[in-house]
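Take a look at the structure set out below.
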Amino acid sequence: MGARKKAKPVTETEKEYFKRMGARLKFYRLLRGYTNYEAFANEFDFPRSTYGKYERGANITLLTLNRILKALEVEYDEFHSGLNSDSSD
């Protein structure tokens with residue numbers, strides 16, 4: 000077996016995309032009446048500190064994103080349709 004390839008660093012464009020995703024998560028959390036991210040995370044068994052990082056733009060796996068969207072009762076397409084606009088800021 001060869002050495003593992005080193006992961007490419009995250010680009011500024013990708014960082015901005017994750018920040019927009021985090022803003023969308025926060026938008027839908029607030030829309031659902033959860034004014035505190037910790038209360039939302041606790042209710043749906045997400046690690047509080049990790050969930051907070053997602054709202055601040057941390058990299059998130061597709062599986063985790065799908066679980067969060069299910070808890071928020073948001074369809075994947077609806078969530079992504081607003082990522083290129085500023086409607087959730």
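Residue 39 in numbering that gives the first Met the number 0 sits at position 40 of the sequence shown, with consecutive numbering throughout. We treat Cβ as the ideally placed atom computed from N, Cα and C, and that holds for glycine.
The DSSP-derived three-state label of R55 is coil.
Only residues of its own chain outside the window of five on either side were considered, and among them G56, A57, N58 have a CB closer than 7 Å to the CB of F17, listed in chain order.
Note on the region 21 to 51: whole alpha helix (DSSP H) runs with a minimum of 4 residues are 36 to 42, in chain order.
In this structure V73 is not in contact with Y33, their Cβ atoms being roughly 13 Å apart against a cut-off of 8 Å. Y36 is the residue among Y36, T10, R66, L62 whose C-alpha sits nearest the C-alpha of K52. Following the DSSP letters along the chain, one finds N65 inside the alpha helix (DSSP H) bounded by residues 61 to 71. Within the same chain, and ignoring the five residues on either side of A40 in sequence, the residues whose Cβ sits closer than 6 Å to its Cβ are R47, Y50.
For L64 and A2, the gap between their C-alpha atoms comes out near 30 Å.
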